[in-house]
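Taking my numbering, the leading residue of the sequence shown gets 650, the next gets one more, and so forth.
Beta carbons are placed, not taken as given, at the ideal position from N, Cα and C, and that holds for glycine.
Everything on this sheet refers to the single structure shown next.
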Amino acid sequence: MKHDLRYKTQMKKYILIVIALMGCSAPENSSVNVTGNLRAIMLENKTEATINLNDLPRQSDLFAIGAIEGLSGEILIMDGKVFTSRVTKDTFQSITAMRPKQHCSCTLM
Numbered sequence: 650m651k652h653d654l655r656y657k658t659q660m661k662k663y664i665l666i667v668i669a670l671m672g673c674s675a676p677e678n679s680s681v682n683v684t685g686n687l688r689a690i691m692l693e694n695k696t697e698a699t700i701n702l703n704d705l706p707r708q709s710d711l712f713a714i715g716a717i718e719g720l721s722g723e724i725l726i727m728d729g730k731v732f733t734s735r736v737t738k739d740t741f742q743s744i745t746a747m748r749p750k751q752h753c754s755c756t757l758m
């Protein structure tokens, strides 16, 4: 009786391990691309655009963060939706747009 209980407990552990390992075998399909260079921005004052937002793929699983050209604001992309923020004369302004043509980024990750 005691042996049966130990056997069942051990089998449950093996089954859980197999299920956990099956979940780990999924292929990785994501990648990270970086444009711009924070060192060049800070030390060499290179704040010109390195990427245009219109050149980014239109996909729902796109995430990015970066600075707007000339360090005039910041860009956040969540699920393919572009959010930009700027500060003008002590006022915080937030803009939401799918593909703002006027925005280019000097750094984007």
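Would you check if there are 3 or more beta carbon pairs closer than 8 Å linking the stretch 652 to 664 to the stretch 714 to 722? no
Give the DSSP bridge partners of Ala-669, in chain order. Ala-669 pairs with nothing; no bridge assigned.
What residue from Ala-716, Met-691 and Ile-690 has the CA that sits closest to Leu-702's CA? Ala-716
Among Asp-710, Met-660, Lys-657 and Thr-699, which has the Cα closest to the Cα of Glu-718? Looking at the Cα atoms, Thr-699 is the closest of the given residues.
Hey, Gly-685 and Gln-708: beta-carbon distance below 8 Å or not? no
Reference Ile-744, options Ile-726, Val-683 and Arg-655, closest by Cα: Ile-726
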